[in-house]
Every structure is written in structure tokens, then in C-alpha cells.
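**Student:** If you read the sequences in order, they're chains A and B. When you line the first sequence up against our numbering, it's residues 86 to 198, in that order. When you line the second sequence up against our numbering, it's residues 649 to 763, in that order. Heads up, the beta-carbon is just placed ideally off N, CA and C, and yes, glycines get one too. What follows is a structure written as C-alpha cells; I'll ask about it next.
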Amino acid sequence: KAGVTQTPRYLIKTRGQQVTLSCSPISGHRSVSWYQQTPGQGLQFLFEYFSETQRNKGNFPGRFSGRQFSNSRSEMNVSTLELGDSALYLCASSLEGGLYEQYFGPGTRLTVT
Amino acid sequence: AQSVTQLDSHVSVSEGTPVLLRCNYSSSYSPSLFWYVQHPNKGLQLLLKYTSAATLVKGINGFEAEFKKSETSFHLTKPSAHMSDAAEYFCVVSENSGGYQKVTFGTGTKLQVIP
């Protein structure tokens, strides 16, 4: 069974631009969660989507948004990029979320200059 | 409110000696608990999970953890460290909150293994 895939793997953007990251979960998984990982703040939860609905959200500004499609693939969008948005963005999928273990993708390394 | 505290940000052990990574949690209900490992420049991998079955949980690569409700702890142990265990380890708590599952990651413990 194929694992979680994230595209692109690396991205360089300029401050003020916007970016869209993509995540394809393991086949059959309906929950997709997004995390931001930085050396200073560690691993922080962004949001979770389940059956195309956002059902859990972390403490991030509205510039961070996401969506999930009917095939469970998910996208995360960050608008008006700031230097502090430079991070590794991880996507994780699970069967139902929560109690079920999450399987992580390799991440997208975003650098904002 | 749900929270998880990893008591050590860095742990250093010699190869062949025991490993202990400490985790305390706070949860309003019966939580599920996980340990994940992240090797340098790689994604996170599940080591083991506790979901209200046996309190002593065995995971991959010789790791195990014991759920102690009275101490609200879920410490990760391994009898003998290997060089390949050098990585960052995350304790995670998950519980049902308001009708959906809430997941909280600890801040991580970096394990250094000295040859």
C-alpha cells in the first residue's frame, strides 16, 4: 500500500506571495491532518479534515486554510506569506483520526525569503 | 483540557545502555497515547500506541511504554540503546473532545546515542 505523499517536497517563495501544498493520503484513509514543524515552536497542529469537512483546528491565523476533496486528497494554502512561515509542513492521514494512528508524509520544506 | 509534557528536551545515553524518555499527560477522559519517532530529515513514524488495552505496550525496534494512570505517565523505554535510535521522539495524546478527536503532540525529546 502506497504511503502518504506530499508535493512539492521543497518550495521557495517570497514574502507576500501565497502557496498551496498538496497531500495524498493512504488509500482508504478519510482523515488528513496538517502540522507545522519549526526548530523554535516544534510540531504544531494546523487543522484536520475528515470527509471534506474541517473538524478540528489549531491556533493559527486565517492566512492558513485548507480543504479536502472527495477522494480524501487535501490541500493547504497559506496566503500573504511571512518570513516566519518558513517551516516543514507535515501531512498525516489516518483511517478515522484521533484514536487511530497517523501515518506521516515526508513533508514539504517551505522557505520564505 | 488535554496536554502532554515531555520532561526532557535532550537525553544522552551510551550505546548498549537503557533508554528512558519521559512523558506526562493531562486528559479529561480516557485518552489514547502514542509515541512517534522522527529521524533526521525524515517523516514521523509510529513506534507504539496505547488504547485502553494492556498497560504495557510493545512497539517496534525493541521499544515499549507503560501506561500509568495514577501517575498520568507514559514513559518510553528500551533495554539497550543502538546507534540507529538517535532521533527525536514525540509523545502524543488523543481524546474525544466535543464529538471529534483532538490530537496534541509533545515538544519532543532528542535522543543522542554515544558510541
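Let's test the definition: count the other Cβ atoms within 10 Å of the Cβ of Met731 (chain B) and tell me whether it reaches 16, buried, or not, exposed.
**Tutor:** With fewer than 16 Cβ atoms within 10 Å of its Cβ, Met731 (chain B) is classed as exposed.
**Student:** So the candidates are A:Glu181, A:Arg158, A:Leu128; which of them puts its Cα closest to the Cα of Gln91 (chain A)?
**Tutor:** The option with the nearest alpha carbon to Gln91 (chain A) is A:Arg158.
**Student:** Verify the CB distance criterion: does Thr653 (chain B) have a CB-CB separation below 8 Å to chain A?
**Tutor:** Judged by the 8 Å Cβ criterion, Thr653 (chain B) is not in contact with chain A.
**Student:** If Ser110 (chain A) and Gly691 (chain B) are in contact, beta carbons under 8 Å, what's the gap, nearest whole angstrom?
**Tutor:** Before going on, a small fix: residue 110 (chain A) reads as Pro here, not Ser. Going by Cβ atoms, the distance from Pro110 (chain A) to Gly691 (chain B) rounds to 13 Å, so no, they are not a contact pair.
**Student:** Which runs of the beta strand (DSSP E) spanning at least 3 residues fall entirely within the region 140-183 of chain A, listed in chain order?
**Tutor:** Whole beta strand (DSSP E) segments, 3+ residues: 149-153, 159-163, 172-179.
**Student:** Give the list of continuous beta strand (DSSP E) stretches no shorter than 3 residues that lie fully inside the region 664-717 of chain B.
**Tutor:** List check, beta strand (DSSP E) in window: 667-669, 671-674, 680-686, 692-698, 704-706, 712-716.
**Student:** Any idea what DSSP makes of Ser107 (chain A), helix, strand or coil?
**Tutor:** Strand.
**Student:** Gly125 (chain A): buried (16+ other C-beta within 10 angstroms of its C-beta) or exposed?
**Tutor:** Result: exposed.
**Student:** Among B:Ser742, B:Gly756, B:Lys726, which has the Cα closest to the Cα of Glu663 (chain B)?
**Tutor:** Measuring from the Cα of Glu663 (chain B), the nearest candidate turns out to be B:Lys726.
**Student:** Considering only the alpha carbon of each residue, which of B:Pro666, B:Phe682, B:Thr653 lies closest to Gln187 (chain A)?
**Tutor:** The option with the nearest alpha carbon to Gln187 (chain A) is B:Phe682.
**Student:** Using a cut-off of 8 Å between C-beta atoms, extract the partners of Phe130 (chain A) located in chain B.
**Tutor:** Val751, Thr752, Phe753, listed in chain order.
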